[in-house]
Structure formats: C-alpha cells, structure tokens
Amino acid sequence: MSKKMKAVLLPQYGEPDVFRLENVDRPHMAAHNEVLIEVHAAGVNPFDCKLRRGYLQQLFPFNLPHVIGNDIAGIVVDKGFDVSELEIGDRVYGLIDPMCSGGYAEYTATKSYLVRRMPKNLSFEEAASVPMAGVTAWHGLKTMANVQPGQRVLVQAGAGGVGSYGIQIAKHFGAWVATTCGTGNADYVKSLGADQVIDYTKSDFRNEVSDIDIVLDPIGREVILRSYEVIKPGGTLLVILRGDQIEMEARERLMKKHNVTTKVVAFSAQPEVLDEMRPLFESGVLKPTLTRVLPLEQAAEAHRLSETGHTRGKMVLKIK
Ligand SMILES: NC(=O)c1ccc[n+]([C@@H]2O[C@H](COP(=O)([O-])OP(=O)(O)OC[C@H]3O[C@@H](n4cnc5c(N)ncnc54)[C@H](OP(=O)(O)O)[C@@H]3O)[C@@H](O)[C@H]2O)c1
Numbered sequence: 000m001s002k003k004m005k006a007v008l009l010p011q012y013g014e015p016d017v018f019r020l021e022n023v024d025r026p027h028m029a030a031h032n033e034v035l036i037e038v039h040a041a042g043v044n045p046f047d048c049k050l051r052r053g054y055l056q057q058l059f060p061f062n063l064p065h066v067i068g069n070d071i072a073g074i075v076v077d078k079g080f081d082v083s084e085l086e087i088g089d090r091v092y093g094l095i096d097p098m099c100s101g102g103y104a105e106y107t108a109t110k111s112y113l114v115r116r117m118p119k120n121l122s123f124e125e126a127a128s129v130p131m132a133g134v135t136a137w138h139g140l141k142t143m144a145n146v147q148p149g150q151r152v153l154v155q156a157g158a159g160g161v162g163s164y165g166i167q168i169a170k171h172f173g174a175w176v177a178t179t180c181g182t183g184n185a186d187y188v189k190s191l192g193a194d195q196v197i198d199y200t201k202s203d204f205r206n207e208v209s210d211i212d213i214v215l216d217p218i219g220r221e222v223i224l225r226s227y228e229v230i231k232p233g234g235t236l237l238v239i240l241r242g243d244q245i246e247m248e249a250r251e252r253l254m255k256k257h258n259v260t261t262k263v264v265a266f267s268a269q270p271e272v273l274d275e276m277r278p279l280f281e282s283g284v285l286k287p288t289l290t291r292v293l294p295l296e297q298a299a300e301a302h303r304l305s306e307t308g309h310t311r312g313k314m315v316l317k318i319k
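Sequential numbering from 0 applies to the sequence shown in numbering that gives the first Met the number 0.
Structure follows, in structure tokens:
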C-alpha cells in the first residue's frame, strides 16, 4: 500500500476555494484501540462549512493544514491490538473526531468505537449520508424527548439533512409527523413519511398545526421562537442550533410562558445509535437520504451548495 494518499487540505480558514487537493502522508494509527479506514465516501455537513470558515476554532483549534470531514463510510484496512469488535475488511460507517485527520481523504485513522459495521444493503455513499444527521435526529427525538406512539411531532426543515432523518425516525417510533419545507420539496418529504407538509414559503406553520408534543428544530432564529406557539403545555422543543445570547434569552421567556421544556441537542458522538439504525436500514424501515454525490475533487463546490441552505437530504463526496 502506498504511504501517500489524496486528501483535501484546509490550509487556512475561509471561503470554499481555500481547499487544496494534495498528496500527503497517510495517517497512521496512534493508539492500540484505533482502526485505519480506507475511506470510500465522506458525508458533507453544514458543520464542515463552519469548521472551514473557522467559526468553531475555540472548540476545535486545528493545527493547519488540516483535513476535515466527520462522516465516513469505508473499509477497515488495519486495526490496533486492542480492537476486537471489528475485523480487517469490515465495511463500516461512522464519525471521525474533528481534531483527527478527517474523511475528505483516502484514509483516516480513528478510535474503533466511533465506527460501526454499516448496513449491508447500503452503498458506501448512502452509508456516509447517515452518521451526523441521523445520530443527531435520533439522539434528539428518542434519547432526549423519548418520542412515543401517537405523539404529534413537528420536524422543521424536513427536507434537510437532520430533518430528512428526523421525519423517518419519528414515524418509526409511531408518531404523527408534520414538517416544513419549500414548494419543491413537498413530494420528497411525503416520500419520507410526513403526514402533513407545510410549505413555509406560502403559509406560517402556526396557522397549520397545534397541540404538538415535540418540535425538532434545525433552523433556529425566528423559526424556533415561533415554534413555541404550536407546542402543547408540557411538550418539548429540541434545539439543534444553540443560538446567540438574545435567542437563548428569548427561548427562556417563551419556555416559561408556554410551559414547554427546551432541550439543546448538543452533538455528541453516539456511535451506538449507528448500531440501532443498522437493522432499520437493512429492513427498509429507514431509507438513506442521499440525493447528491460529488467527487472528492469537488469539495469546494459541495460546500458552496451546502451554504445555500437549500440542499435536499444529504450530499456526499465519493472518494473510491
Ligand atoms: N447540534 C448538533 O449536534 C447538530 C448536528 C447536526 C447539524 N446541526 C446543525 O443543524 C443545522 C441544520 O443541519 P442540516 O444538516 O439539517 O442542514 P441542511 O441539510 O443544510 O438544511 C437544508 C434544508 O433546510 C431547509 N430550510 C431552510 N430554511 C427553511 C425554513 N425557513 N423552513 C423550513 N425548511 C427550511 C431547506 O429546505 P428548502 O430547500 O425546501 O427551503 C433545506 O432542505 C446546521 O446549522 C447544522 O450545523 C447541529
């Protein structure tokens, strides 16, 4: 195996065109509990764009140049002596610690617990569309809000990465699901199982739904503040974007006024959720929401598209 690999480097923070495609040294496993993965596909998330712009430098102080990319699917090609749950040759999907050399490259090394065997029926591209968005939606709806059969759930931005998995996960647990999206995405969110579709360009969701048990909100700002008005007393609002001080104070006021619990879904790597989702993909209960595949060389274009805020489902970079 060549010790060099193709990687998209982030040499400085900035616009999408800062990316440079180069041949660099392959990462090696730094610890006995790591695996080396030949990356076949890497998911693209708005989180990656924030990293690229340097907005998250305090949390993730990179030593530039750095390779970003949190969502990957690929094949285990080497493993540390303490790794017993995975074998060389396993097809895996998972999450890469942002501080490690990431998925926009032919290889990545990561702690083995962060990656899991991927659903047998998915392609690498489909599997790479799952980790961050799918785990976030599951963590919010199931782990934090404990969604129950018969509950009424509103998924904001149902056509987006988090929302497209959110609709399916809420339906899987037996909820009735309403969702918001633009005109061109109505059929798409219906195909994911939404019971009621609200075109946010034509009507205010406050006129369309009420008595909601759980709102999953990946948008924030005025959308989240309006969301309190449709939740029944005792209901839960799941905040995906933490928001600034003004938004947090406004949420605090509305939470008391409407007797609603607010929970911030801080992303934490919960790879065990990937194990829970695997059989659901294999039985067809969950569908991958991959809608666009670009070659690794077009990482900058993928970021430009992501930053429009209007991509459908998930976008993935194909590496092999
Ligand atoms: N806290 C965490 O752990 C965590 C984890 C994952 C993501 N996030 C964050 O959550 C946010 C969303 O992530 P994502 O991956 O879902 O983003 P995304 O895929 O880029 O979202 C794009 C979607 O948002 C929809 N949209 C935009 N404005 C809307 C509006 N006013 N009403 C309804 N839908 C609207 C668009 O639909 P139309 O084209 O139809 O307008 C589009 O389909 C990002 O900021 C991301 O960084 C946080």
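Ideal Cβ positions, reconstructed from N, Cα and C, are used throughout, including at glycine.
Please read these numbers as outputs of a predicted model, since none were measured by experiment.
Proximity winner among the options, relative to residue i (alpha-carbon distances)
i	options	result
G93	S111, E296, I67 and N62	S111
P118	G308, A299 and S282	S282
F123	L289, E246 and V238	L289
V38	V66, Y164 and K189	V66
E271	L55, L113 and H171	L113
V129	Q147, G160, S100 and N120	G160
L63	R52, A72, G73 and D194	R52
T109	R205, H31 and H309	H31
L279	G308, Y187 and A169	A169
E221	A249, A132 and F18	A249
L273	L20, D96 and A132	A132
In DSSP terms, what residue i is bridged to
i	result
M4	V23
D198	C180
D70	G42 and L94
R115	Y92
L9	H65
D216	V238
I230	I211
A104	A6
I223	DSSP output for I223 lists no bridge partner at all.
E33	K110
Through-space distance from residue j to residue i, alpha-carbon basis
i	j	result
L12	C48	For the record, residue 12 in the displayed sequence is Tyr; it is not Leu. Distance between the alpha carbons of Y12 and C48 is about 10 Å.
F59	Y106	21 Å
D198	G173	23 Å
A136	I218	13 Å
R277	L285	9 Å
E228	K256	10 Å
A144	E275	17 Å
L140	A158	17 Å
V75	Q56	30 Å
S209	R252	20 Å
L85	L35	11 Å
R303	N120	30 Å
G329	A177	The displayed coordinates of the chain run from 0 to 319. Any statement about residue 329 would go beyond what the structure contains.
D89	R116	7 Å
V91	N206	44 Å
F46	R151	29 Å
Neighbour-count burial assignment, residue i, 16 or more Cβ in a 10 Å radius
i	result
K201	exposed
N69	buried
T261	buried
S83	exposed
L316	buried
E125	buried
T54	The residue asked about is misnamed: residue 54 is Tyr in this sequence, not Thr. With fewer than 16 Cβ atoms within 10 Å of its Cβ, Y54 is classed as exposed.
E33	buried
P26	buried
D203	exposed
Q167	buried
G73	buried
CB contact flag (residue i, residue j, <8 Å)
i	j	result
G102	A156	no
A104	V7	yes
L191	S226	no
I213	T179	no
M4	G79	no
I318	L293	no
I230	V259	yes
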